[in-house]
Every structure is written in structure tokens, then in C-alpha cells.
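Notes follow the structure.
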Amino acid sequence: MSDDVWAGLADQFADRAYATVKGRVRTYVLHQQLLEHLPPPPATVLDVGGGAGHQSFPLAQAGYDVTLLDSSPAMLEKARQRLERLPVEARRRVTLVQADGENAEEAVDGQRFAAVLCHGVLGYLEQPDPLVGQLCRCAADGGLVSIMTGNAHAMAVRPALEQRWEDALAAFDARTEIGVLGVPGRADTVEELSGLLSGHDVEPVRWYGVWLFVDWLEFGGAELDPGDAERVAAVELEAARRDPYRALSRVFHLVGRKGPSGHELLADRLSQGLISTDLE
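Per this note's numbering, residue 287 is the first one in the sequence shown, and the count goes up by one each step.
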């Protein structure tokens, strides 16, 4: 019997969820946010829990050298199938590794990367710190750590929009829920995750929302027109970097930099905006 918990969800997640307007918005918005911080190609990128490569394969096509690490054989098989559809030059820049994220450093033989991504993974773990520590250790000095995870400050949004009022009331003080894929999930806060990064010598630089209005529309029962995807993405990208909108996103994207020198950190903060922990 397989112990791959994603074996029965790989098709739904990789083939269907990412093909929706919401899935395409997620990929686009995160990609644009990453480009604000990534060094130019061919810098090395490690995508921990990278699934079928929806986030990191576009980086390979842009010239980055990508290592995708995932514990699920089913998801890695989806990644291989999608990899075959990429141009030859992009395929040569991608390495697939089967391993648990909490053993990432060992799995990549101690290699250090210019950027380490971990998107949509922390919420499936009971405690984030062991994996966060691995992400930070795998980043080179001056390297980027990029984490996308559930926003504990917005847990009531989904049940309220689905008119589950008792669940919504309870969710204001909740950290866990059954996610849209039917899998239990846990949420974090920008403040707490920033503290974890700082404890591993990674300085938080900036945080963003990821999607907002597509959630409200989807959970409210509206059907999004695929022809509107580009315009929707432009609106979501703008909302993701502004208050109060970013604080209402059910997920957030936190970017940190490992051990930069003082002037580099100052320059980054001046150009990107100081990270704020005031979500009110």
C-alpha cells in the first residue's frame, strides 16, 4: 500500500487546479513577485515541495538552473510529464530530486542556492520550524528564501463566503482547517514566520498577498471567465502589494535574504519597502 498521500490528489492538483483562473493567477502573481528579488539567470534555484513544477519550470524557461525537490513520487511523475513538454534547453536546466523537505540539505549534498522556494508546503506540517531551518541552510550567503503559506489572520474568509457562519465565527481564533483539496491544513502569520527566518540568519525583506478577489468570487459561487485571466491577474498583483488588501489574502508570500551586508539590506528595503508586522 502506498504511503504517498498525494497519489490520489496529483491529477486534481497538477492538472485541474492550476488550469483554473485562480491557479493561473497564483502562478503569475508569485512569478512576478519573485522577479522583483531574484538575481539574474543562470542563478540556481531550489524548489522545495515543488510538486509538478508550475512555479519553478517558468524560471527554468527564463534561464535559471532549477532543482525541484518533492517527497511525492506521484507529484514528481507529474513534473516529469510536464518537463517533457518544455524546450530542450529548459529541460537541461532542471533536476528532479525525491526527498522530504525536512532533509533537503542532505538530499542536495549540501549545495547552496541563490534562491530557495517553498510554496504551499508549510501548512501541511504540524510545526514549520524544522523545514524553515532547512530552507535557510540551503540558501547561499545573500541568497533568497521565498515562502508562501496560509494566512492565520484571514481564516474566517472562506467559511464566511461559503455562508458557514458558525464555522466562520470559530475560525477567527483557528489555525487549522480542511483545505479545498480535502486535506487538513494549518496557517501561519507573517510575524511568526518572520521571526523564524530571523532566527536562521535570514532577514525578512518584504511580504505580499497572493490572491484575494478570485477567492471571494469562487467561494461566493461565481464562475470566473478564463478570458478575463490576464485582467484578473493584473488586479490581484496590485492588491497583493497594497494594504489593506494583502492582509486579507488567505495566503501570503514572504521573502527573506540570508546574511546580506548592511548596505545591501538597506538598499533592498529602500527599493522594496520595509516589512510591516502591523496587519490591522
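We put the beta carbon where it would ideally sit given N, CA and C, even for glycine. Small disclaimer: the values here were computed from a predicted structure and weren't measured.
- Excluding residues up to 5 positions away in sequence, Gly-339, Phe-343, Arg-377, Val-380 and Leu-382 lie with their Cβ nearer than 8 Å to the Cβ of Leu-369 in the same chain.
- Secondary structure in the segment 388-476: the alpha helix (DSSP H) runs of 4 residues or longer, each lying completely within the stretch, are 390-393, 415-424, 443-447 and 451-457 in chain order.
- The segment 509-522 and the segment 452-459 do not touch, with fewer than 3 CB-CB distances between them shorter than 8 Å.
- Between Val-469 and Ala-440, the alpha-carbon positions lie close to 18 Å from each other.
- For Glu-322, no alpha helix (DSSP H) encloses it, and the DSSP letter there is neither H nor E.
- Your pair Asp-427 and Ser-358 does not check out as a contact, with CB atoms roughly 31 Å apart and the cut at 8 Å.
- Counting along the chain, Tyr-494 sits inside the beta strand (DSSP E) bounded by residues 488-495.
- The DSSP-derived three-state label of Thr-353 is strand.
- Restricting attention to Pro-325, Gln-384 and Leu-411, the CA atom closest to the CA of Leu-355 is found in Gln-384.
- Under the three-state reduction of DSSP, Arg-543 is assigned to strand.
- Apart from sequence neighbours up to five positions away, the residues of its chain that approach His-323 with a beta-carbon distance below 6 Å are Leu-430 and Val-541, ordered along the chain.
- By the neighbour-count criterion, in which 16 or more other beta carbons inside 10 Å mark a residue as buried, Arg-543 falls on the buried side.
- In the displayed model, Gln-384 falls within a strand according to three-state DSSP.
- Comparing alpha carbon positions, the residue from Arg-517, Pro-490 and Ala-515 closest to His-539 is Pro-490.
- With fewer than 16 other Cβ atoms from the protein chains shown falling within 10 Å of its own Cβ, Ser-484 counts as exposed.
- A residue is called buried when at least 16 other Cβ atoms come within 10 angstroms of its Cβ; Val-311 meets this threshold and is buried.
- For Asp-333, the enclosing beta strand (DSSP E) starts and ends at 330-334.
- Cβ-Cβ distances below 8 Å link Arg-366 to Leu-382 in the same chain, with the five nearest sequence neighbours on each side left out; the list follows chain order.
- Annotation for Val-500: Val-307, Lys-308, Val-311, Leu-510, Val-518 and Glu-522 place their beta carbon closer than 7 Å to its own, counting only its chain and skipping 5 residues before and after.
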